[in-house]
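Participant:
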Amino acid sequence: MPYYRAVGSIPRKRHTQFRDPDGKLYAEELMGVEGFSSDSALLYHRHLPTAIVNAEVVAEWRGTTTANQPLKPRHFRTQDLKWDAPAEVDAVTGRRLLFGNADVAICFTAPTTASPLYRNAFGDELLYVQTGAAVIETIYGPLAVADGDYVVIPTSCTYRVVPTGPEQLRLLVLEATGHIGPPKRYLSSKGQFLEHAPYCERDQRGPTEPLLVEGTDVEVLVRHRSGLTRFTYANHPFDVVGWDGCLYPWAFNVRDFEPITGRVHQPPPVHQTFEGPNFVVCSFCPRKVDYHPLAVPVPYNHANVDSDELMFYVGGNYEARKGSGIGLGSMSLHPSGCTHGPQPGAVEASLGADYFDETAVMVDTFRPLELGEAAQDCEDPRYAWSWARRGPDWS
């Protein structure tokens with residue numbers, strides 16, 4: 001849970017006069033969720049944040065989704081995705097839709113240039129940096145991120161993503177229809193991380209200084225409940241001299257997630273990292289594995305009775321999937337209605353192992369995931385038959 005922070009210049013008392021060196025009042029903006037009954041931040045602008053001079057409809061670029069039919073496990077290779085204009089891909093308009101349902105859209109992008117200013121007024125976003133580095137410029141200030149970082153961007157936060165460094169930036173993006181945060185069972189009644197939580201406040205990073213940008217007639221792309229609109233603001237929204245509160249963008253690195261292990265194989269909830277509306281996100285990290293003398297370290301066969309399981313393989317060697325064709329950058333989708341488990345031979349091969357060097361991000365959704373255009377572009381059709389090594393696409 002983001003904890004209280006104060007950045008930049010703010011007055012001692014909220015909702016009182018606060019003036020710039022020339023005597024002009026700064027304009028307050030309260031960013032709050034759930035009306036006025038939950039977390040918020042109070043920002044102080046040099047100019048009115050309400051001063052819009054134009055608004056125009058923007059066409060949706062994500063396309064539609066289709067049902068997972070016939071129902072089967074699937075494998076997708078994000079490393080094979082291509083963009084029409086690779087020299088001009090950005091982290092917002094360059095998102096390609098992999099999966100979606102009524103609760104979340106799951107996209108992937110490999111940006112090479114700075115994105116437009118963007119605001120998602122429909123829900124929180126969770127970014128995972130697979131490779132590369134970037135600065136995420138926000139109304140709260142800049143946030144430097146790199147490979148392995150999760151980034152939570154709260155609803156209606158104006159931001160843009162600027163790639164930095166020589167390595168290709170590759171981002172997994174979850175766009176929720178509500179709020180994303182740590183699981184409630186990790187938090188005290190007052191919002192502090194509890195001792196059993198696999199990460200805590202020390203692992204979280206937020207903006208540490210304002211980002212002051214001057215400009216007039218500045219465009220901001222806004223996603224909202226009924227579509228996309230491009231606003232033109234009289235002044236640049238990055239004119240915040242200071243803010244305080246518990247609502248702001250924050251990041252933490254998957255390497256700071258402390259795995260929970262046991263004598264026998266632990267179920268996926270021990271890896272849970274975030275929760276959103278009708279979905280959860282888990283982190284499978286390098287870890288000591290089961291230490292019972294008769295333990296079977298890889299997962300047992302299991303059926304997702306109430307959820308679809310999407311796994312994104314981002315590091316190391318995923319022992320349970322050897323022989324399936326899955327590699328770094330792959331995604332596997334195991335939908336409700338299908339039993340799945342280790343590939344043939346993986347169980348025997350895992351016996352006696354004491355450490356797994358693997359990193360994966362898992363998204364479990366409690367409504368079925370449909371397939372977007374990007375998923376259909378990068379699917380490996382043989383995966384569903386890899387347990388039996390025979391079937392219509394097997395050769």
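Under UniProt numbering, the first residue of the sequence shown is numbered 1, with each subsequent residue one higher. Backbone N, C-alpha and C fix where the C-beta goes; we use that ideal spot for every residue, glycine too. A quick note: this is a predicted structure, and the numbers were derived from the prediction, not measured.
Is DSSP giving residue 418 helix, strand or coil here?
Facilitator: Lying outside 1 to 395, the shown extent of the chain, residue 418 is not represented and no answer is given.
Participant: Can you tell me whether E125 is buried or exposed, with buried defined as 16 or more other CB within 10 angstroms of its CB?
Facilitator: Counting Cβ neighbours within 10 Å, E125 comes out buried, since at least 16 surround it.
Participant: Determine the direct distance from the alpha carbon of L43 to that of P154, and round the result to whole angstroms.
Facilitator: Near 14 Å, if we compare the C-alpha coordinates of L43 and P154.
Participant: Check whether the region 34-43 and the region 52-72 touch, using three or more Cβ-Cβ pairs below 8 Å as the test.
Facilitator: Judged by Cβ distances under 8 Å, the region 34-43 makes no contact with the region 52-72, as fewer than three pairs qualify.
Participant: Please identify the residue among P277, V280, H271 whose C-alpha is closest to the C-alpha of P286.
Facilitator: Cα-wise, what sits closest to P286 is H271.
Participant: Can you give me the start and stop residues for the alpha helix (DSSP H) that V347 sits inside?
Facilitator: Unbroken alpha helix (DSSP H) run through V347: 346-350.
Participant: How far does the alpha helix (DSSP H) with Q17 in it reach, from first residue to last?
Facilitator: Run containing Q17: none; DSSP gives neither H nor E here.
Participant: Inspect the beta-carbon positions of L127 and P207 and report whether they are closer than 8 Å.
Facilitator: Not closer than 8 Å, so no.
Participant: Let me know the secondary structure DSSP gives V254 once reduced to three states.
Facilitator: V254 falls in the helix class under three-state DSSP.
Participant: Do L247 and G32 have their C-beta atoms within less than 8 Å of each other?
Facilitator: Against a cut-off of 8 Å, the Cβ pair of G32 and L247 comes out as a contact.
Participant: Considering only the alpha carbon of each residue, which of R185, V220, L169, H179 lies closest to V58?
Facilitator: The residue with the shortest Cα to Cα distance from V58 is V220.
Participant: Within 10 Å of its beta-carbon, does T113 have 16 or more other beta-carbons around it, so buried, or fewer, so exposed?
Facilitator: Classification of T113: exposed, given that the 10 Å Cβ count is below 16.
Participant: Looking at C-beta atoms only, is the number of pairs between the region 286-305 and the region 255-271 that lie closer than 8 Å three or more?
Facilitator: The region 286-305 is in contact with the region 255-271.
Participant: Report the CB separation of N68 from L371 in whole angstroms; it is logged as a contact under 8 Å.
Facilitator: At roughly 6 Å, the Cβ-Cβ gap stays under 8 Å, so N68 and L371 are in contact.
Participant: Could you tell me which uninterrupted beta strand (DSSP E) segments, each at least 3 residues in length, are contained entirely in the region 72-107, listed from first to last along the chain?
Facilitator: Those beta strand (DSSP E) runs which fall completely within the region 72-107 and span 3+ residues are 74-77, 96-100.
Participant: Do three or more CB pairs link the region 349-369 to the region 96-105 at distances below 8 Å?
Facilitator: Taking 8 Å as the limit for Cβ pairs, the verdict is that the region 96-105 does touch the region 349-369.
Participant: Taking only runs that begin and end inside the region 145-186, name each unbroken beta strand (DSSP E) of 3 or more residues, in chain order.
Facilitator: Segments of the beta strand (DSSP E) lying fully in the region 145-186: 149-153, 159-164, 170-176.
Participant: Taking all protein chains shown into account, do 16 or more other C-beta atoms lie within 10 angstroms of the C-beta of Y291, making it buried, or fewer, making it exposed?
Facilitator: Exposed, because fewer than 16 other Cβ atoms sit within 10 Å of the Cβ of Y291.
Participant: Between the alpha carbons of V161 and R119, how many angstroms are there, rounded?
Facilitator: If I take the Cα positions, the gap works out to 12 Å.
Participant: Quick one: grab the DSSP three-state call for R209.
Facilitator: Reading off the sequence shown, one finds Glu at residue 209, where the question assumed Arg. Residue state, collapsed to three classes: coil.
Participant: Look at the alpha carbon of R321 and the alpha carbon of T216, and state the distance between them as a whole number of angstroms.
Facilitator: When rounded, the distance between both Cα atoms is 53 Å.
Participant: Does DSSP put R223 in a helix, a strand or coil?
Facilitator: In this structure, R223 counts as strand in the three-state DSSP scheme.
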